[in-house]
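In terms of the numbering used here, the sequence shown is residues 20 to 585.
From the three backbone atoms N, C-alpha and C, an ideal C-beta is built for every residue, glycine too.
A quick note: this is a predicted structure, and the numbers were derived from the prediction, not measured.
Read through the structure below, which is laid out as structure tokens, and then see the notes.
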Amino acid sequence: MTAIAPVAKPKMTHREILTALTGILMGMFVSILANTVVSSSLPVIVSDLHGSQTSYTWVVTATLLATTISTPIWGKLADLGNRKLLLQISLAIFVLASAAAGFSQTTGFLIAMRVVQGLAGGGVGALAQIVMADFLSPRERGKYMGLFGAVMAVGTVGGPLIGGFVTDTINWRWNFFIALPFAIAAVALIQRTLHLPAIAKRKVKIDYWGILLLSGGVSLLLIWMSLGGSQFEWASSTSLMMVAGAVILLAAFILVEIKSPEPLLSMSLFKNRTFTFAVIASLAVGVSMFGTSVFLSQYMIMARGASATMAGLMTFPLMGGLLIISTIGGQIISRTGKWKPLVVTGSVLIVIGLFLLGTIHYDTNYALVATFMFILGAGMGLVMQNMVLVVQNSVDVKELGVASSSVNFFRTLGGTAGTAGLGAILAATIPNMIADRQADLMQAIGSLGEKGQAVAQVLSSGNLPTISTLPEPVRVIFESIYGDAVPSLFTFAAPLSLIVVIAVCLIPNQVLTTQTATERMQDIEAETESETTAATSGQENVDAANLEQANVSDHAPRTAMKSADN
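The structure is reproduced here in structure tokens:
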């Protein structure tokens with residue numbers, strides 16, 4: 020394994036930067052598309068492979084688990100080795116795993132390949148941002164923020180639409196093949212257009228214990244968050260053992276990292292106020308970003324009767340706000356060098372957006388709902404990517420990889436925790452609200468005559484029916500219940516998002532550097548070489564003086580002896 024030590028290279032032109040970004044952005048698009056394209060077809064996939072509800076859950080959870088765990092590991096490897104090669108390796112692994120997943124004959128094999136996809140996807144997502152820092156300074160990065168927003172918006176919104184269309188017209192297996200041409204093209208483009216500085220080799224140690232302990236601790240934590248309340252009760256011995264195991268493993272991880280000569284996640288990073296508060300803000304943003312996107316789709320389906328495909332389109336204003344405002348904000352940051360006013364504004368917009376979404380009902384005018392989503396998306400667009408930016412601007416360039424990936428890691432962790440927590444609240448709320456509307460339900464069922472008996476049978480089974488298939492009198496009641504229950508989650512999340520505002524306000528307002536990571540590394544090396552040269556020169560002068568003094572001392576006795584002879 021090697022450590023980065025760039026050799027001097029002329030600054031890239033705008034055209035060269037755009038050319039280099041093409042392959043990186045295509046790689047990011049592939050990573051996002053892989054997760055979103057199967058979301059609308061998962062029920063068909065699991066059914067075709069004769070899987071259970073548990074299988075369905077694990078197909079989703081396995082990818083999230085692998086992506087989250089691998090992110091900081093890829094980040095550390097980026098600080099030790101050839102970043103371009105690592106990015107290409109992660110894309111190559113992704114291609115192979117995607118192709119294999121498309122040929123799955125059992126859910127077990129599909130889950131295994133989704134794990135490998137997640138491991139590779141974590142690398143693509145983390146390394147893309149790290150590699151960009153090598154040829155784009157924090158001050159320049161804002162000019163290209165719109166490109167990243169566009170990739171995220173197209174991948175997030177377009178994925179489910181493409182997946183649904185492919186499943187309906189061809190076969191669900193093509194959902195795994197559809198990203199292959201893009202991934203192969205990304206590898207080729209990166210090889211041709213991305214020219215990073217040469218790397219000087221040095222001996223390094225891989226923190227294997229750190230990797231094992233972090234993977235084990237985070238795995239238990241994420242499994243507990245993802246499956247709690249569905250596969251086992253929150254207040255159960257299984258739940259207790261998982262939490263205890265996660266705490267023990269993560270505590271051991273911290274102890275190992277303190278003593279490790281080459282830690283996976285250096286604890287000294289938390290002495291950096293910018294890094295610490297950016298991590299806290301990212302955890303809280305994760306709740307807003309992942310939690311709201313999941314439950315907004317559920318609101319569209321359960322409270323407004325939309326199909327899965329239509330729900331994806333109806334939540335587009337969220338991504339639209341993120342894309343448009345992050346583009347404008349990026350341009351302002353690049354021109355002025357001032358990031359904090361915009362990020363603080365973004366954090367406030369997140370709070371406002373969540374509070375406003377907490378006021379909607381099943382029959383709220385969609386234009387109003389879309390406006391509230393746009394406000395929330397705008398806030399996320401100003402905060403999310405800029406957390407990585409300010410961290411890269413403030414940390415030691417030798418720790419840039421692990422610091423950047425840590426922000427993404429904690430954001431994903433916060434998103435998982437938020438989704439699980441809000442999901443548990445919703446699961447507990449819905450039965451109570453149905454019980455409160457029992458009289459209205461009985462009256463609506465009674466008004467249906469003979470058809471009402473079939474509806475009553477479905478409801479008495481304990482399983483929630485497909486809302487859109489219910490007769491109108493009953494459907495309206497269920498839409499009303501979900502129209503009140505889901506927005507209450509946003510009201511609950513809004514005060515939590517105040518943590519983002521506080522954390523962002525406490526981040527030191529450092530000026531964004533105009534130097535790339537490569538240039539910063541060159542300065543450090545030049546300074547080190549200068550100090551080494553000065554020290555060597557000083558030592559040579561001392562040695563010369565000592566030699567001269569020795570010669571003088573040796574000459575003095577001889578002179579004295581000659582004088583005595585005379």
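- Straight-line spacing of the CA atoms in residue 530 and residue 359 works out to 10 Å.
- Looking only at 261, 69 and 111, the smallest Cα-Cα distance to residue 246 is reached by 261.
- With 16 or more neighbouring CB atoms inside 10 Å of its own CB, residue 55 falls in the buried class.
- Nearest neighbour of residue 520 by Cα position, chosen from 396, 376, 449 and 365, turns out to be 365.
- Boundaries of the alpha helix (DSSP H) around residue 394: 385 to 413.
- One alpha carbon belongs to residue 353, the other to residue 33, and they sit about 14 Å apart.
- Under the three-state reduction of DSSP output, residue 122 falls in the coil class, being neither helix nor strand.
- Contact check between the segment 129 to 140 and the segment 162 to 176: fewer than three CB pairs, one atom from each, fall below 8 Å, which does not count as touching.
- Comparing C-alpha distances from residue 52 to each of 169, 150 and 517 shows the shortest one belongs to 169.
- Going by DSSP, residue 359 is part of the alpha helix (DSSP H) stretching over 359 to 376.
- Across the structure, residue 127 and residue 234 are spaced so that their CA atoms are roughly 21 Å apart.
- Judged by their CB atoms, residue 50 and residue 322 are not nearer to each other than the 9 Å cut-off.
- The three-state reading of DSSP puts residue 247 in strand, counting E and B together.
- Contact between the segment 445 to 461 and the segment 188 to 198 is not established, with fewer than three Cβ pairs separated by less than 8 Å.
- Its Cα nearest to that of residue 512, the residue 306 stands out among 445, 238, 281 and 306.
- Inclusion of residue 328 and residue 229 in the CB contact set at 9 Å is not warranted, their separation being larger than that value.
- Under the three-state reduction of DSSP, residue 468 is assigned to coil, being neither helix nor strand.
- Comparing alpha-carbon positions, the option among 143, 335, 424 and 113 lying closest to residue 301 turns out to be 424.
- Comparing C-alpha distances from residue 526 to each of 362, 319, 394 and 420 shows the shortest one belongs to 362.
- Residue 167 and residue 43 have their alpha carbons spaced roughly 10 Å apart.
- Around the C-beta of residue 387, fewer than 16 other C-beta atoms lie within 10 Å, and the residue is accordingly described as exposed.
- A Cβ-Cβ contact shorter than 9 Å links residue 111 with residue 206.
- Residue 274 counts as exposed, since fewer than 16 other C-beta atoms from the protein chains shown sit within 10 angstroms of its C-beta.
- At a Cβ-Cβ threshold of 9 Å, residue 149 and residue 349 do not count as neighbours.
- Between the segment 135 to 149 and the segment 102 to 111 there are three or more C-beta pairs closer than 8 Å, enough to call the two in contact.
- Rounded to the nearest whole angstrom, the CA to CA distance from residue 252 to residue 258 is 7 Å.
- The beta carbon of residue 196 sits closer than 6 Å to the beta carbons of 121 from its chain, once the five residues preceding and following it are set aside; these are given in chain order.
- The alpha-carbon of residue 101 is positioned some 12 Å away from that of residue 94.
- Within the same chain, 316, 319 and 320 come within 7 Å of residue 330 by CB-CB distance, once the 5 residues on both sides are set aside.
- Of the candidates 282, 453, 495 and 303, 282 places its Cα closest to the Cα of residue 92.
- The segment 340 to 347 and the segment 391 to 403 touch, with three or more beta-carbon pairs separated by less than 8 Å.
- In this structure, DSSP gives residue 33 a helical state, which the three-state scheme calls helix.
- Taking a C-beta distance under 9 Å as the contact criterion, residue 232 and residue 271 qualify as a contact pair.
- Here the alpha carbon of residue 88 sits roughly 8 Å from the alpha carbon of residue 141.
- A direct Cα-Cα distance of roughly 45 Å separates residue 502 from residue 285.
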